[in-house]
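Only one structure is covered here, and it is reproduced in the block below.
Numbering (UniProt numbering), first residue to last: 1 to 257.
Take a look at the structure:
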């Protein structure tokens, strides 16, 4: 909380200089609350509990992973290996994936697969085939949203967690569609982790406004009842300084799913 307050103070002071970079800094604080100690925690597993406890997001993620991969739920019926849950964990930041990787590996007791911008085309193909195989022992794939573009098929997973929010709703929708697509044989569950009363919630609200505007723009030529569109929403490629101050002014209170 103190780090978020310090960042938002500097955000207001330096907003005319590097607003985009400072926005990313605020988002990283949501994902990596103890930024100073992250490297120490990654090197010392005994520090993981303290790292998780100081982050609402990590606390929720830790609980979800333990519920998902505990022995009682790993094989819930007689369909063999197909009933073993597999998860795709998506983030916009590779530094966040660096933090999540050892945390996830510790919970499931094995290493995680990872696909990001540093993954070669051949390695990418091998990872996807390995993860989607019916008899695959893999449980978690860490995915950078920038690397998980169109055409990436991860139907081997039945759960996906979107760990952070993007300004562009199309990027989030595209990430969520990696497992919910033709060829999927199981019911899927999609989750989004959003920190309430802070920048992430404001970003999600803007996403909703953008998607409503897009929907209305497509429907309006064919629908006479489109008077209910959102006229107060101002489509713009950039945010004004005042808008940036407003969306970063409130401090986060908790994490929500």
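No residue lacks a Cβ here, since even glycine has one placed at the ideal position from N, Cα and C.
Taking C-beta atoms as the reference points, residue 143 and residue 188 fail to come closer than 8 Å.
Under the three-state reduction of DSSP output, residue 206 falls in the helix class. Scanning its chain for C-beta atoms nearer than 6 Å, with the 5 sequence neighbours on each side dropped, one finds around residue 169 the residues 207, 210, 211, in chain order.
When DSSP states are grouped into helix, strand and coil, residue 214 belongs to the helix group. Boundaries of the beta strand (DSSP E) harbouring residue 192: 189–192, taken from the DSSP string. Between residue 151 and residue 133 the beta-carbon gap is near 19 Å, outside 8 Å, which marks them as no contact. Restricting attention to 137, 147, 101, the CA atom closest to the CA of residue 123 is found in 147. Contact between residue 55 and residue 92 does not hold, since the beta-carbon distance rounds to 17 Å and is not under 8 Å. Within the model, the alpha-carbon separation for residue 99 versus residue 183 is close to 31 Å. Taking C-alpha positions only, residue 68 is separated from residue 129 by approximately 23 Å. Here residue 137 has no same chain residue with a Cβ atom under 6 Å from its own Cβ, once five neighbours each way along the sequence are excluded. In the DSSP assignment, residue 159 falls within the beta strand (DSSP E) that extends over 159–162.
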